[in-house]
Amino acid sequence: ENWPCIGLPDAILADRAELFGHQVENLEKSFSIRLENAPPYRGDLKPIVESRFKLIQAEFKPFAKGVVQDVITKKRGGKDYRLDATLNLDEFTKIILLSVLKYNQFHQINNYDRDIDLPHDLPAVPMALWNWGIQHRTGKLRTASDQAVYVALLP
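Sequential numbering of the sequence shown, starting at 806, is according to my numbering.
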């Protein structure tokens with residue numbers, strides 16, 4: 806219930822690097838998923854995702870030792886902050902996923918441009934909007950077995 810997006814979408818938008826290669830072409834052909842690659846160096850075409858990476862990092866950065874600091878703040882001969890790192894990959898992944906869950910459940914989107922058919926009492930919160938869209942729009946996710954997706958992504 807906290808992650809209600811299990812299934813395959815009609816389309817995937819990503820940076821060119823993430824969706825380039827034979828494995829992704831197999832996914833596209835096997836499941837009729839339209840792949841859309843943003844042009845290089847155009848993070849402005851993906852403002853929500855790109856800016857969210859920065860915001861997620863800002864949330865946990867003050868509490869994690871060894872996080873990357875701005876180059877300007879590290880003085881020549883200063884302490885190497887990376888030596889203070891304490892999180893392993895699993896712990897870091899957990900922090901990122903919990904940050905995404907928190908955002909999806911509680912972030913109020915200010916000045917949300919509501920379509921006419923969107924209920925006025927529906928909160929402008931990502932999860933509420935997602936759930937409404939899945940039920941009332943063409944956003945039905947398609948199902949496929951884990952094995953079929955795995956095989957489609959094999960080299």
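We put the CB at the ideal spot given by N, CA and C, even for glycine.
So, do the region 883-894 and the region 936-950 have three or more beta carbon pairs nearer to each other than 8 angstroms?
Touching, no, given that fewer than three Cβ pairs across the two stretches are closer than 8 angstroms.
Leucine 818, enclosing beta strand (DSSP E) - first and last residue:
Segment 816-819, the beta strand (DSSP E) holding leucine 818.
State the start and end residues of the unbroken alpha helix (DSSP H) segment that holds glutamate 896.
Start and end: 894-911.
Opening and closing residue of the beta strand (DSSP E) in which asparagine 751 lies
Residue 751 is absent from the model: the chain starts at 806 and stops at 960.
Per the DSSP calculation, arginine 947 is bridged to which residue(s)?
Listed as beta-bridge partners of arginine 947 by DSSP are Leu813.
With the cut-off set at 8 angstroms, would you say histidine 912 and proline 928 are in Cβ contact?
Histidine 912 is not a Cβ neighbour of proline 928, given a cutoff of 8 angstroms.
Local conformation of aspartate 889 per DSSP, three classes:
Aspartate 889: helix per DSSP, three-state reduction.
Same chain only: Cβ atoms within 8 angstroms of leucine 946, ignoring 5 sequence neighbours per side:
Short of 8 angstroms from the beta carbon of leucine 946, and not among the five residues preceding or following it, lie these beta carbons of its own chain, in chain order: Cys810, Ile811, Gly812, Leu813, Pro814 and Ile939.
Status (buried if at least 16 other CB within 10 Å, exposed otherwise) for alanine 860
The sequence shown places leucine at residue 860, not alanine. By the 10 Å Cβ count, leucine 860 comes out exposed.
For the alpha helix (DSSP H) containing tryptophan 935, name the first residue and the last one.
In the DSSP annotation of this structure, the continuous segment of the alpha helix (DSSP H) that includes tryptophan 935 starts and ends at 931-941.
Note down, in chain order, each residue of its chain lying with its Cβ closer than 7 angstroms to the Cβ of alanine 869, except the 5 sequence neighbours on either side.
Around alanine 869: Leu892.
Per DSSP, what kind of secondary structure is leucine 832 in: helix, strand or coil?
Helix at leucine 832.
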